[in-house]
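A.B. asks: This is the structure I want to talk about, given as structure tokens.
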Amino acid sequence: MYKIIAYNEPTDTAGFVIHDPAVNESVSEGKLNLKQSDVNDLSLTINQDNPLFGNVRPMHTHVEVYDDDKLIFRGRALKPTREMKDSGQFLQTYVFEDISSYLIDSVQRFLEVRNATPKQFLEKVIEEHNTQVPAYKQFQLRTVTVDNSKDNALRTIDYATTQETIKKLLTDSVGGFLIAEYKDGKNYLDYLKAPGKDHNNDTPIRITENMQSASVTIDPSKVITVLIPLGAQIETQNPDKKNDDSSDDGTKLSGPMHAVNGDWGPAIKFAAKCMDTKVTNKQVSTIKDVIQHESQGSETVVNNWDSNAAAGHPSKGLLQFIDTTFKAYAIEGYTDILKGFHQLLAMFNDSNWEKDVHEGGWGPTGKRRYDKLPVEIVPSGGGWGSPFPSVGHVAFESGQLFGVHPGGEFRQNGFHDGLDFGTAKYPGSDVHAVHGGKVTHKGYMGGLAYYFVTHSDDGYNVVYQEAFGSSSNIKVKIGDYVKTGQVVGKRTTNHLHIGVTKKDFNYAVAHSFTNNGTWIDPEPLIFGSKKKRMLRAKQVVADSPLAKQALDIEAGVKLFEAAKSSHLKYETNYLRADILSNQAHGDCSSFVSYFLELAVHETDRTLYTTDTLHGFLKKHGYALHYEGNTKTLPALQTGDVFILGKKGVQPSHTAVMKDADTLLECAQGWSNGYDQGGADMFEHGKSGDENLAAWWKRNSQGWNGEWYWYLYRFGGNIPEQESGDQKGGTIKSGVRYTIAPVNDGKDYLNIPDFQKEFGIINGTVTWDDVKDPNELLSKAKAWINNQKASTNSWNISALELPDYDHFKVYDRYLFINPYVADTQLLTVVSKEIDITNPFKSTLTIGDKTPKLTDYQNENRNISKAVSKLASTVTTISGDVSAMRGGAGNSSSQLQTIYDQLGNTNVPQLQKDVEGIQDFNQKADERLTTAETDLKTVKEDDESTKQKLAEYEKTIADLDERLKKLEGAGS
């Protein structure tokens, strides 16, 4: 028995009954749809006598549906529909959607998430959702059982609703089911791999017992007839091994000199090798602990608060040397105290370093070992060279250059992420490697055409694209090592595009038109000399002494770090700012002024207000990118400058982007700052006490009067940045192992039997842990042998009898109907409940995927079953007509029909007969029920004939296809 309670507001604790037969309260009609992979919904039609009539506020009114005492649905009202019947009765129809629809009410901001399990990713998504909605729409993540080999995939969110994000990046990608439940006043989410349970011995769906009708739909749309097996992602070389053409005589070394994805271990090992000393893994671990203790991995941090600082010589950098000690151990040519690798060399230059370096602190006590390095450090890859070495260095056309130039306006943001070698000035077909490395990617991509990528020991990803008319024009394959000058392909187009980056290739491609330091100008690397054409922003004044300067973002970042370390105090009178000299006082505009002056190497230290900053920006390579009052945060890039507030009115605020995801500012203190009511240097990124999205929301809403803001963007070159670079190391290339090496160069397998039945359908299957092509081929063949030919789903009308528990979505029940399919356990994927007819449900059942032979046999069985069913219906038609005419004894006629059915069951009629016998022994009531049911049969007679004709046509088509298959197989 179903009961429905309504609430005027979602936070109300007391509701009112709108449907409960036990208290003579009911709706006119009600259909509850429970679904496996979609939002559940409830449709209610009520008349004027129902307390809900005229009392519904869309999105406010909530209802709860109970099956006896168990809550099976809670949801909110959508737009109502009103109508008046011919009788003059007024009706209202409402649709309610369940609480999972709350996930539509929030939008996930742009975010890239790596190395997160499904649970960790879902936690981030739900956490963001909860920050945007009121408490009654918030969720607690309860149980997550989905966990598989795609856990470490890159997931990119781009301003989608929370519901869309979960569907695209979790349920559609890695599988599983998201289930929402309201319990004890709270909303819970479960993300389950295999919800539900099996009902092998209880609650069967049986044609002679509780099934009223059944139909099957066969969907072969997921069939693959050309299989492309994919293995694990291919990894690049290890940083401790020299794989390309560097010197191998021990006197010239190359390797990582920065942290690799935040890990200083590879750089420690390389520094020890350069200093001709051995270091164990345990010692590397100890040194990393010291680094974490001293600087937390920062190369530029300055300690301004301990005894050394009080004495006038603060400790600095990765290992917190003071200047005098560092000079005593520094190696000639490596004397920058704010470079971590230089400090590592100085540490290993201590003859007693093994004893001096220990957990909790350190200090050199030994003798200086070397004045100069005992080896030469050189870039790996054998240096750089031209892809067309016989031509030399010829001036490029403006539109071919890296960066922003006239002629490149057709590109997004006008930005070119590489260098184009056109055939007019760089003739020749042989393409030579510009730098040594390992081939990590090869393929075809829109915008790149046929391309390949190499990754070098010194961390450069070099992209060769747009030169090759087909894959055969590329002369290298994934896994090959190439040397500078080696012929790697044949140019068959009008130009070769060379792109260079130290970022992950997939990340770099996603930022192809963003000038944020992701892409590096190849010209000075390749030719090792001043470029023929100097990069300029279109807005730069030609005679300005700064016209040829690039944006040195790291110089500004060092100012930020120094000011943050010194606990700078906020000073509203910007003229008193001494942020450069001793980092004691400053405000937003003085910080941004000096930040930009350092970044463009301006020597005249002029302070600007937020009002006068506009002019400075326009004279130094910046252009006004946006002005207006939108409150939507746009896509950003390194060096972007915000000026925001009330249009033309002081005070206002300014801040600068450190990179595409991180904003730096000097601002008055806020609740999480170190100095309540004072100031702080804030870094707002993807996470933290106040992330970038939260900063934007607070600033876009925190002004009295007309909100207005400006965004300035640098138009010139932004040099590469250290953060996120691939400096050697083992990285995932994004390309996977295939069967091509053991399958005559083909990375695919044809499946002839399936191609005859379904035609050519390409598809991939991935085994993330397989690296051996032979093993991959074996697994692919096994997969083919077990491939299913279709996905079948059943639509079933069944009675929920008092003897059994009610059917539940996700659970699996024994399906017994030999005329539709073999007896088997099938999953209920959706259920429609008729609220006013509580014992009748319509179920959609799926999860059956037959193999090709099963698929063909089922088609034959359907043919026989439909013919037999047609014969049975014809046999009983006369008896049905006689009963409708009132002739003869009703009971005997019913028994005659029952006998005629024999082992062939017409489900609706058979169930109606049994229902009459079970629930009412009186003949007149049996006859009344039979007449009602038989009337339905008569009304459906024409429809049944039409369906039979359709079945017969389908059978004929299937028989024709089967004859062809049998002929082809003989």
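Under my numbering, the residues of the sequence shown are numbered 17 to 986, in order. Even for Gly, the Cβ is constructed at its ideal location relative to N, Cα and C.
Along the chain, which unbroken stretches of the alpha helix (DSSP H) at least 4 residues long are found entirely within the segment 132-218?
C.D. replies: 134-148, 178-182
A.B. asks: Just checking, does the segment 594-605 make contact with the segment 625-641 on the three C-beta pairs under 8 Å criterion?
C.D. replies: yes
A.B. asks: Within 10 angstroms of its Cβ, does Phe999 collect 16 or more other Cβ (buried), or is it exposed?
C.D. replies: Absent from the model: residue 999. The displayed extent of the chain is 17 to 986, so no value can be given.
A.B. asks: How many whole angstroms separate the CB atoms of Ile347 and Tyr386, which I take to be in contact at a CB cut-off of 8 Å?
C.D. replies: Their Cβ separation, rounded to whole angstroms, is 6 Å, which keeps Ile347 and Tyr386 in contact under 8 Å.
A.B. asks: Going by the DSSP bridge assignment, what does Val420 pair with across the sheet?
C.D. replies: Phe431
A.B. asks: Assuming Trp1054 is part of the beta strand (DSSP E), what are its boundary residues?
C.D. replies: What the structure shows of the chain is the stretch from 17 to 986, and residue 1054 is not part of that stretch, so it cannot be assessed.
A.B. asks: Using a Cβ-based criterion (distance less than 7 Å to any ligand heavy atom), does Val573 qualify as near the ligand FMN?
C.D. replies: The model depicted lacks the ligand FMN and carries no ligand whatsoever.
A.B. asks: Taking the Cβ atom as the reference point for each residue, do Pro390 and Thr341 lie within a distance shorter than 8 Å?
C.D. replies: no
A.B. asks: Measuring straight from C-alpha to C-alpha, what distance separates Val447 and His432?
C.D. replies: 21 Å
A.B. asks: Going by Cα to Cα distance, which pick from Leu50, Thr27, Met17 is closest to Gly860?
C.D. replies: Reading off the sequence shown, one finds Thr at residue 860, where the question assumed Gly. Closest in C-alpha terms to Thr860, from the list Leu50, Thr27, Met17, comes Leu50.
A.B. asks: Look at the alpha carbon of Tyr476 and the alpha carbon of Tyr523, and state the distance between them as a whole number of angstroms.
C.D. replies: 14 Å
A.B. asks: What does a CB cutoff of less than 7 Å around Thr181 pick up in its chain, not counting 5 residues either side in sequence?
C.D. replies: For Thr181, where only same-chain residues beyond five positions count, the Cβ hits under 7 Å are Gln124, Val141, Ile173.
A.B. asks: Compare the Cα-Cα distances from Tyr467 to each of Asp520, Ala93, Lys506, Tyr110 and report the closest residue.
C.D. replies: Lys506
A.B. asks: Just how far apart, CA to CA, sit Gly333 and His641?
C.D. replies: Near 37 Å, if we compare the C-alpha coordinates of His641 and Gly333.
A.B. asks: Is it buried or exposed, Lys980, if we count other Cβ atoms within 10 angstroms and call 16 or more buried?
C.D. replies: Classified as exposed, Lys980 has fewer than 16 neighbouring CB atoms from the shown chains inside 10 Å of its CB.
A.B. asks: Are the Cβ atoms of Glu113 and Val43 separated by less than 8 Å?
C.D. replies: Not closer than 8 Å, so no.
A.B. asks: What does the alpha-carbon distance come out to for the pair Trp723 and Trp712?
C.D. replies: 13 Å
A.B. asks: What are the partner residues of Cys682, as DSSP defines its beta bridges?
C.D. replies: Met697
A.B. asks: Tell me which residues share the same chain as Gly894 and place their Cβ nearer than 6 Å to its Cβ, disregarding the 5 neighbours each side in the sequence.
C.D. replies: With a pLDDT of 40 at Gly894, under the threshold of 50, the modelled position of that residue is not reliable, and no figure is offered here.
A.B. asks: Sort Asp366, Ala325, Ile303 by Cα distance to Lys343 and report the nearest one.
C.D. replies: When Asp366, Ala325, Ile303 are compared, the shortest CA-CA separation from Lys343 is found for Asp366.
A.B. asks: I need the straight-line Cα distance from Ile20 to Thr852, nearest angstrom please.
C.D. replies: 11 Å
A.B. asks: How would you write the range of the alpha helix (DSSP H) that Asp372 sits in, first residue to last?
C.D. replies: Its alpha helix (DSSP H) spans residues 369-372.
A.B. asks: With DSSP as the reference, identify every bridge partner of Thr628, one or two as the case may be.
C.D. replies: Thr628 is not bridged to any residue.
A.B. asks: According to DSSP, Lys124 sits in a beta bridge with which residue or residues?
C.D. replies: In the sequence under discussion, the amino acid at residue 124 is Gln, which differs from the Lys named in the question. Its beta-bridge partners are Ala176.
A.B. asks: Find the nearest neighbour of Ala615 within the set Gly419, Leu208, Gly501, Ile569, judged by alpha-carbon distance.
C.D. replies: Ile569
A.B. asks: Hey, how far is the Cα of Pro538 from the Cα of Val450?
C.D. replies: 9 Å
A.B. asks: Quick one, which of Ser53, Ile490, Gln336 has its alpha-carbon nearest Met363's?
C.D. replies: Gln336
A.B. asks: In terms of alpha-carbon separation, which member of Ala38, Asp188, Trp321, Ile767 lies closest to Asn801?
C.D. replies: Ile767
A.B. asks: From Ala287 to Asp372, what distance separates their C-alpha atoms?
C.D. replies: 17 Å
A.B. asks: Tell me the rounded alpha-carbon separation between Phe69 and Ala676.
C.D. replies: 53 Å
A.B. asks: Is the CB-CB distance between Lys458 and Ile494 below 8 Å?
C.D. replies: yes
A.B. asks: Residues in the same chain with beta-carbon distance under 8 Å from Ala579, minus the five sequence neighbours each way, listed in chain order, please.
C.D. replies: So the qualifying residues of the chain are Ile595, Gln599, Gly602, Phe607, Cys682, Met697.
A.B. asks: Starting from Gln108, follow the beta strand (DSSP E) in both directions and report where the run begins and ends.
C.D. replies: It spans 106-114 - the beta strand (DSSP E) in which Gln108 sits, taken as one unbroken run.
A.B. asks: Tell me which residues share the same chain as Thr178 and place their Cβ nearer than 7 Å to its Cβ, disregarding the 5 neighbours each side in the sequence.
C.D. replies: Leu119, Ser122, Gln124, Val141, His145
A.B. asks: Between Val504 and Gly444, how many whole angstroms is the CB-CB distance? I'm expecting something under 8 Å.
C.D. replies: With 8 Å as the limit, Val504 and Gly444 do not qualify as a contact, their Cβ atoms being about 13 Å apart.
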